[in-house]
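Numbering (my numbering), first residue to last: -1 to 83. Each residue gets a CB set at the ideal place from its N, CA and C atoms; glycine is no exception. First the structure, in the form of structure tokens, and then the observations on it.
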């Protein structure tokens, strides 16, 4: 069963903060990866479901505390991703 996130950042990107290989927040909602799973796959799945519900690409700002980096991406309803500037 996939988690469903309904909240989103007002007037902007989904806000994602990754803490570890199995824990993150998506718009302030805690999510976890299953045992031996990868949080990146879970996050992309959640954002892909959002894009499918909205009928178009979903932008997201991802802060990854594991690496100290931040990236802005666009997730399409088919699961494809692209980096935004």
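- Could you tell me whether the Cβ atoms of residue 58 and residue 12 are closer together than 8 Å? In the chain shown, counting from the first residue as 1, residue 58 sits at position 60. In the chain shown, counting from the first residue as 1, residue 12 sits at position 14. For residue 58 and residue 12, yes; Cβs fall inside 8 Å.
- Between the Cα of residue 55 and the Cα atoms of 36, 70, 64, 19, which residue gives the shortest distance? Position 57 of the chain shown, counted from the first residue, corresponds to residue 55. Taking the Cα of residue 55 as reference, the smallest distance to any Cα among 36, 70, 64, 19 is reached at 70.
- Which ranges would you report for the beta strand (DSSP E) in the segment 35 to 75 if only whole runs of at least 3 residues count? Fully contained in the segment 35 to 75 are the following beta strand (DSSP E) runs of length 3 or more, in chain order: 56 to 62, 67 to 73.
- Identity of the residues DSSP links to residue 139 by a beta bridge: Within the shown structure, residues of the chain are numbered from -1 to 83, placing residue 139 beyond reach of any answer.
- Three-state secondary structure assigned by DSSP to residue 78: Along the chain shown, read from residue 1 onward, the residue named residue 78 stands at position 80. Correct three-state label for residue 78: coil.
- Residue span of the beta strand (DSSP E) that contains residue 18, given as start and end: Numbered from 1 along the chain shown, position 20 holds the residue referred to as residue 18. Here the beta strand (DSSP E) through residue 18 covers 12 to 18.
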